[in-house]
C-alpha cells in the first residue's frame with residue numbers, strides 16, 4: 001500500500017515527475033489531494049496530515065515550517081485546503097502527505113508547487129506587439145547580462161497566440177493557449193539552470209501571428225549576495241518576422257503595445273492544445289483527471305468574460321444560448337462531483353445565476369429562436385443544475401427557487417409538446433432524450449418511435465449523441481444504445497463522448513459523493529456483447545468494472561480503490577435478453593475486488 005496521486009490544485013505535483021518548472025498557482029489558499037494504491041479489502045485512511053515547507057531540506061526532515069496540519073481524523077483526502085502561514089509571491093514550496101491506514105503508516109513522495117503573482121496589484125510590465133507585422137511567426141527577443149552568481153531566476157510569460165520560450169537557442173517550454181476562453185494565462189519557467197554568466201538571449205516565438213499578437217514577460221533574478229534584477233517586456237525588446245533568426249538579432253524595433261488591461265492569471269499545468277472549451281459538446285467531458293485544473297481555469301476565464309446581461313461570449317456556441325448555458329452549468333456541477341473542489345462553485349456561483357437568468361429570458365420569448373420545445377428542455381436542464389449547485393453550496397432557499405423553476409418549465413414544455421405536430425426531426429429526438437434523462441415528462445413511446453425511424457441519423461451532434469444513448473438506457477433500451485454506439489464509431493470527434501457514455505452507462509460508474517469518495521455502480525450488460533471491461537481513474541483511485549456472459553447467465557467483477565466505497569447494483573439476467581427490468585439486487589462494497597454471478 002502506498003500514497004499516490006499527489007496533487008496541488010488538482011494538478012499532479014510529485015517533484016520526481018517534473019523535469020522542468022514545477023506547477024505554478026496564483027491561489028494563496030491552494031488545495032491538496034492524494035489517493036491510495038495497493039491491494040486489500042476494506043482499506044481506508046484513519047487519519048492523515050499534510051506538511052508544507054519552504055525548502056526541500058526542511059521537508060525531508062519532516063519540518064512543516066509553513067504548515068503542519070496536525071492529525072486530521074477523516075478519510076476524505078481530496079481538496080484539502082491549505083491552512084498555514086501566508087504564502088509569498090514567486091516562491092517554490094514543498095509538501096508531503098502522511099496517512100495511517102489500519103496499522104500501517106504511509107508517507108508520500110515530496111510534492112512541489114510554485115506561487116506566481118499572488119498579491120501584486122498589477123504586473124510591472126505590459127504586452128508588447130509588432131505593429132504592421134502579420135508574419136506567420138514573430139520572434140520577440142531581448143539580451144540580458146548575468147553579472148554575479150545566481151541564486152534563482154524565475155520567469156512568467158504569456159502571449160495572445162501559441163508561443164515557445166527559449167534561452168540561448170534552447171527551447172524551455174511552450175503554450176498552446178492563445179486567445180479565447182483561456183484568456184491570458186501565464187506560465188512559470190525556472191531559468192536558473194538555463195542562464196549562464198555574461199550575455200544571454202531570451203527569445204519567444206509566437207505562432208499564428210497577426211497584427212494584434214502580443215507577448216508579456218516578467219523575470220525575477222536573485223543573486224547569491226541578495227541583490228536582485230528584474231527584466232520585463234518593455235521597449236528594450238526587439239521583434240522580427242518569420243524570416244528572422246531566433247538566435248540572432250531580429251530586424252525591427254518597436255515600442256511596447258498594451259493589448260489588454262487584464263492581468264494574466266496562472267495557466268493550468270495540463271496543456272491540451274485544441275481541446276474544446278465549453279462548447280455545448282463539452283457538457284459531459286468531466287472525467288479526464290489530466291484536464292481537471294485546465295477545465296477549472298477555463299470556467300473561471302469564461303465567467304470573467306460574461307456580459308452584464310448574463311450572456312457569454314459566442315466562442316464555440318454553435319448550439320445556441322440554452323444549449324451553451326446547459327453545458328456550462330452541467331459541467332460546473334459535474335466538475336465538482338468528479339473532483340470535490342467546492343471552490344469552483346463558490347467562485348462562479350454569481351455568474352452562474354446570471355447565466356441562468358439570461359437563458360430563462362431567451363426561452364420565454366415564444367416567438368424567438370429558442371422558444372421551441374428543445375429550448376425549453378435545455379432551460380429545464382439549467383434549472384436542474386442550478387438546484388444541485390445551490391444545494392452543494394448550502395443555498396437552500398435558492399435551491400428551492402430553482403426547483404420551482406424546473407417544475408414550471410416542465411409544465412410549459414408539456415403544453416408545448418402537446419400543441420406540437422407529431423415529432424419529425426432529429427432535433428425532436430434530442431428534445432425527447434433530454435425529457436427522458438431528466439424526468440421532465442413521459443415521452444418513452446414517441447422517443448422509441450423516433451429512434452426506430454431515424455436510427456443513427458437521430459444524432460445531430462456529440463451532445464445529442466450522449467443524451468440519446470443515455471435516454472435509451474433510462475427507457476430500458478440499452479440494446480439500441482449499443483447499436484448506435486457501434487454506428488457512431490465511424491464519426492470523427494466522437495471518441496471522448498463515447499468514453500463518457502461507456503463509463504457512465506455501460507460500466508455505470510458515477511460519483512455518489514463529491515470526489516468519488518463513494519460511487520454508484522450500475523453496469524448495463526447487453527446480449528450483443530460477450531464481455532466488457534472499463535477502468536476509470538478517479539481522484540480517489542481506480543474503479544473497475546468487468547462483466548462477461550456465461551452458460552447460465554453472466555459474471556460481474558467490480559474493483560473499488562482503497563479508501564473508497566461503492567453501491568453496486570447487479571442487473572438481472574433478463575437484461576441480457578434486452579428486456580426492461582430493475583436491478584436484481586444492490587450491495588454496499590468497501591475497497592477491494594468483488595465478484596457477482598447471475599444465473
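In this note's numbering, the protein residues as written are 1 to 599. C-beta: ideal position from N, C-alpha, C; glycine also. All values derive from a computational prediction rather than experimental measurement.
Leaving out the 5 sequence neighbours to the left and right, which residues in its chain are closer than 8 angstroms to residue i when beta-carbon positions are compared?
{"i": "residue 70", "result": "49"}
{"i": "residue 508", "result": "520, 521, 522, 523, 524, 545 and 569"}
{"i": "residue 406", "result": "380, 383, 384 and 387"}
{"i": "residue 47", "result": "71, 72, 73, 74, 99 and 100"}
{"i": "residue 464", "result": "426, 429, 430, 433 and 458"}
{"i": "residue 483", "result": "528"}
Does DSSP put residue i in a helix, a strand or coil?
{"i": "residue 12", "result": "strand"}
{"i": "residue 586", "result": "strand"}
{"i": "residue 226", "result": "coil"}
{"i": "residue 467", "result": "helix"}
{"i": "residue 180", "result": "Unreliable positioning characterises residue 180 in this predicted model, as indicated by a pLDDT of 37, which lies under 50. A coordinate reading is not provided."}
{"i": "residue 396", "result": "helix"}
{"i": "residue 548", "result": "strand"}
{"i": "residue 3", "result": "strand"}
{"i": "residue 616", "result": "Nothing about residue 616 can be reported from this structure: the residues present for the chain run from 1 to 599 only."}
{"i": "residue 472", "result": "helix"}
{"i": "residue 529", "result": "coil"}
{"i": "residue 500", "result": "helix"}
{"i": "residue 34", "result": "strand"}
{"i": "residue 389", "result": "helix"}
{"i": "residue 236", "result": "coil"}
{"i": "residue 195", "result": "coil"}
{"i": "residue 305", "result": "coil"}
{"i": "residue 72", "result": "strand"}
{"i": "residue 171", "result": "strand"}
{"i": "residue 453", "result": "helix"}
{"i": "residue 245", "result": "For residue 245, the predicted structure reports a pLDDT of 49, less than 50, and the residue's modelled location is therefore unreliable. The matter cannot be settled from this model."}
{"i": "residue 146", "result": "strand"}
{"i": "residue 591", "result": "coil"}
By Cβ distance, which residues of its chain are closer than 7 angstroms to residue i, with the 5 residues on each side in sequence left out?
{"i": "residue 480", "result": "451 and 472"}
{"i": "residue 118", "result": "26, 28, 87 and 89"}
{"i": "residue 518", "result": "512, 564, 565 and 566"}
{"i": "residue 351", "result": "303 and 306"}
{"i": "residue 360", "result": "379"}
{"i": "residue 438", "result": "380, 381 and 384"}
{"i": "residue 167", "result": "191, 194, 195, 200 and 202"}
For chain D, check one thing: does any of its Cβ atoms lie closer than 8 angstroms to the Cβ of residue i?
{"i": "residue 571", "result": "No chain D is part of this structure, which consists of one protein chain only."}
Which residues in the same chain have their Cβ closer than 6 angstroms to the Cβ of residue i, if we skip the five residues on either side of it in sequence?
{"i": "residue 587", "result": "568"}
{"i": "residue 144", "result": "200 and 231"}
{"i": "residue 585", "result": "570"}
{"i": "residue 356", "result": "382 and 386"}
{"i": "residue 44", "result": "75 and 563"}
{"i": "residue 325", "result": "355, 359 and 382"}
{"i": "residue 478", "result": "524 and 526"}
Based on the DSSP secondary-structure assignment, which residues constitute the bridge partners of residue i?
{"i": "residue 404", "result": "Answer is none; residue 404 lacks a bridge partner."}
{"i": "residue 520", "result": "510 and 567"}
{"i": "residue 556", "result": "547 and 596"}
{"i": "residue 61", "result": "DSSP, once it has assigned bridges, lists no residue as partnering residue 61."}
{"i": "residue 220", "result": "154 and 230"}
{"i": "residue 215", "result": "128 and 159"}
{"i": "residue 186", "result": "266"}
{"i": "residue 535", "result": "544"}
{"i": "residue 203", "result": "141 and 166"}
{"i": "residue 53", "result": "94"}
{"i": "residue 435", "result": "Answer by DSSP bridge pairing: none, since residue 435 is not bridged."}
{"i": "residue 24", "result": "114"}
{"i": "residue 45", "result": "101"}
Compute every distance between the C-beta of residue i and the non-hydrogen atoms of the ligand MN, then say whether any falls below 7 angstroms.
{"i": "residue 49", "result": "In the structure shown, the ligand MN is absent, as is every other ligand, since no ligand is present at all."}
Decide yes or no for the touch test of the stretch 151-171 against the stretch 94-109: beta carbon pairs closer than 8 angstroms, at least 3 of them.
-> no
Fully enclosed by the stretch 78-124, which beta strand (DSSP E) runs are 3 residues long or longer?
-> 92-101, 104-107 and 111-115
Do three or more CB pairs link the stretch 212-220 to the stretch 50-57 at distances below 8 angstroms?
-> no
Are the stretch 27-44 and the stretch 192-203 touching, with three or more C-beta to C-beta distances below 8 angstroms?
-> no
Do the stretch 31-42 and the stretch 557-566 make contact, defined as three or more Cβ pairs closer than 8 angstroms?
-> yes
Any contact of the stretch 290-304 with the stretch 9-17, i.e. 3+ C-beta pairs under 8 angstroms?
-> yes
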